[in-house]
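Under the working numbering, the first residue of the sequence shown is numbered 213, with each subsequent residue one higher.
The C-beta atom is built at its ideal place from N, Cα and C for all residues, glycine as well.
Here the structure comes first, spelled out in structure tokens, and everything after it is commentary.
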Amino acid sequence: MITIVAKQIIRKDCIEQYHALAKELVEKSRAEEGCISYTSNQSIQDERIHCFIEVWKDQEAIDIHNATEHFTRIVPQFGAMFDGPEVVDLYTESV
């Protein structure tokens, strides 16, 4: 399994639009065969900070996800809403 944590800082004027797109992305991504878990999360301390926490079966599932219509359509729209660079880290279980 591979866990992805993708952290973004969203401009305050874009939070509502971001949530609408994130909701669609989460719903469609959860329906993908290799998806184990997919959530969109908002910081309690700072409403602008969001992160996707995703768990995928393997790299092939991630590659298929990254090529889907919903991913290729929605993710580029997020870029205009960012207030700083996105940070994406991939993890595997260590114990």
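If contacts are defined as beta-carbon pairs under 8 Å, then A234 and V300 qualify, I think. What distance do you get, rounded to the angstrom?
About 15 Å separates the two Cβ atoms, so there is no contact after all.
Which residue marks the beginning of the alpha helix (DSSP H) containing T304, and which one marks its end?
Neither: T304 is in no alpha helix (DSSP H) and is coded neither H nor E.
Can you list, in chain order, the residues of its chain whose CB lies under 6 Å from that of S255, leaving out five sequence neighbours each side?
Correct list, in chain order: I261.
So, with DSSP's three-state summary, where would you put T284?
Note: T284 maps to helix in three-state DSSP.
Closer than 6 Å by C-beta to V238: which residues in its own chain qualify, once you throw out the five before and the five after it? Chain order, please.
Only Y250, S252 meet the Cβ criterion.
Among residues of its own chain, excluding the 5 on either side of T215, which ones have a beta-carbon nearer than 6 Å to its beta-carbon?
Closer than 6 Å at the Cβ level, and outside the excluded window around T215, lie V267, Y303.
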